[in-house]
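Inspection log for the structure reproduced underneath, given as C-alpha cells.
In my numbering, the protein residues as written are 194 to 587.
So, in C-alpha cells, the structure goes:
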C-alpha cells in the first residue's frame, strides 16, 4: 500500500537493504512520478513537490545556470524539476526490468510498460512538434508540456534513455514495441551524426565528440554501434563513417578520470559495446576495468561521496554500486560486490538522499542556486537499480 507522500520520506527507511527497498519503491511512486509517468529529477525537500517560482523568490536568474537555458522563460529558475529526468527515467526503466527478472511480478511488468510508454510519448511528441525532429531527446523542463520549445540536452540524459530502451527491448518489449525502439534509436544516432555531435548546453555549443570525458566518448560509440546493429539490410555509409571516425578519434579518452556518475555511464556503455563489438573486447574491458578501479578507490566508504576535488558534490555512492553491479556480470572484479552492498546500506534515511542543501550559501551563489533543499529522484531510482542489479548477480 502506498504511503502518504507527506510522511513517506521521513525517518529511518529500514535496517536491511530489503526493508529499504520496499520503502524507497513507495517513495518513488508517491513523490517522483508525475501525472504523465515521467520521473521528476528533483523536488523541494520541505514540500515534496516540484519547485515553483515562489520557492525561488529572491534568486536572480542572471546568477544561475538557467539564465541561458534553451527553454521557455518560465522554466529557467525551476529547471531542477526535470533537469535530471533523462537520467532518472532511464534508470527507473532499467530498474523495473531488473526487478521483473528477479520477481516476475505482473505489477512490475505493468509499471515497466508504463515507463516505456512515457518515453515513447515524449519522443513521438518531439518528432511531431519540435523543429529538431525525430531523434532529438531534450531535457523536458515542462514534463510533457511545451516540448516544441525545448532545445537543451546533454549526452548523459540522452544515452540513459538509449540504455533503458535497449534493456527493455531485450527483456520485456512486445514485437511492436521493439520495432518502435529500434526505429527511435536509429533516428537518435542519425540526429547526432547530422548535427555533428553538438548540442546547446546552458547557453554554449557543446561539441560532445571533442569532450575529453569517458562518458561522452563511450556514449557516442555505443549509440552509433547500436544503430548499426539495429539497421536491417545494408548499413548506411553515414553510420559506418561515424563509427570509423569515433573509433579513430575517441577511443583514447575512454579511460579519462571523471566523477562517479560519468564513470557509471561509461561502464554501462562499455558493457553494451562489449556485447555488440567483441572484436574490440580487449579495449572495452581494459577501459571498463580502469574506470571501475578509479570509481571504487575514489568512493568514500563512510559517506558514499567522491572526494576528488570538483566532483564530490554531485556524486553519490549508489552510482558506484550501480557500476560495480553492472561490471560484476562480465568482470573478474567481483570482490567489489560486498563494497556495493555496504554503500547501499549507507542510504537508510531521508537526509542521505538530499542532492544538495545549500541553504547556508548566498542566494546568488552560481551553480547551486537550483539545488536549495533538493530531494533527488535520480538518487532514489539509482539506489533501486543498484539493489536489483546486485540481487540478480549469480
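Virtual Cβ for every residue (Gly too), placed ideally from N, Cα, C.
Look at residue 203 here: in three-state DSSP terms it is coil, with no helix or strand label. Taking a 10 Å sphere around the C-beta of residue 353, we find 16 or more other C-beta atoms and assign the residue as buried.
Straight-line measurement puts the Cα of residue 433 at about 47 Å from the Cα of residue 216.
Bounds of the alpha helix (DSSP H) holding residue 457 are 453-469. Take residue 398, set aside five residues on each side of it, and the residues of its chain with a beta-carbon closer than 6 Å to its own are 391, in chain order. Membership of residue 482 in the alpha helix (DSSP H) is indicated by the continuous run 474-490. Under DSSP, residue 242 takes part in a beta bridge, and its partners are 237. For residue 586, same chain residues with a beta-carbon under 6 Å away, outside a window of 5 residues either side, are 521 in chain order. For residue 567, the enclosing beta strand (DSSP E) begins and ends at 567-569. Residues 334, 343, 345 of the same chain have their beta carbon placed closer than 6 Å to that of residue 264, with the five preceding and five following residues left out of the count. Per DSSP, the unbroken alpha helix (DSSP H) holding residue 322 starts and ends at 299-322.
The beta carbon of residue 514 sits closer than 6 Å to those of 533, 536, 537, 579, all from its chain and outside the five residues before and after it, given in chain order.
For residue 415, the enclosing alpha helix (DSSP H) starts and ends at 407-422. Proximity to residue 495 across 509, 484, 416 peaks at 509, based on C-alpha coordinates. Across the structure, residue 355 and residue 243 are spaced so that their CA atoms are roughly 26 Å apart. Under the three-state reduction of DSSP, residue 278 is assigned to helix. One thing to note: residue 463 has its Cβ no nearer than 8 Å to the Cβ of residue 439. Close CB contacts of residue 444 within its chain, under the 7 Å cut and outside five residues either way in sequence, are with 476 (chain order).
Note on geometry: alpha-carbon atoms of residue 204 and residue 455 lie some 30 Å from one another. Residue 319 is positioned such that its CB atom lies closer than 8 Å to that of residue 340.
A residue is called buried when at least 16 other Cβ atoms come within 10 angstroms of its Cβ; residue 347 meets this threshold and is buried. Taken atom to atom, the span from the alpha-carbon of residue 436 to that of residue 418 is near 7 Å. Note on geometry: alpha-carbon atoms of residue 481 and residue 234 lie some 27 Å from one another. The Cβ atoms of residue 288 and residue 574 sit closer than 8 Å to each other.
DSSP links residue 400 through a beta bridge to 391. Residue nearest to residue 329 within the set 379, 231, 246 is 379 (criterion: CA-CA distance). At least 8 Å separates the beta-carbon of residue 581 from that of residue 305. Cβ neighbours of residue 519 within its own chain (closer than 6 Å, five residues either side excluded): 460, 461, 464. Of the candidates 516, 219, 426, the residue whose Cα lies closest to the Cα of residue 488 is 516. When DSSP reads this structure, residue 232 sits in a beta bridge with 226. With fewer than 16 other CB atoms across the displayed protein chains lying within 10 angstroms of its CB, residue 245 is exposed. Secondary structure at residue 219: helix, using DSSP grouped into helix, strand and coil. Secondary structure at residue 542: strand, using DSSP grouped into helix, strand and coil.
Residue 409 and residue 232 have their C-alpha atoms some 23 Å from each other. Counting of Cβ neighbours within 10 angstroms places residue 316 among the buried residues, the total reaching 16 or more. Rounded to the nearest whole angstrom, the C-alpha separation of residue 308 and residue 212 is 24 Å.
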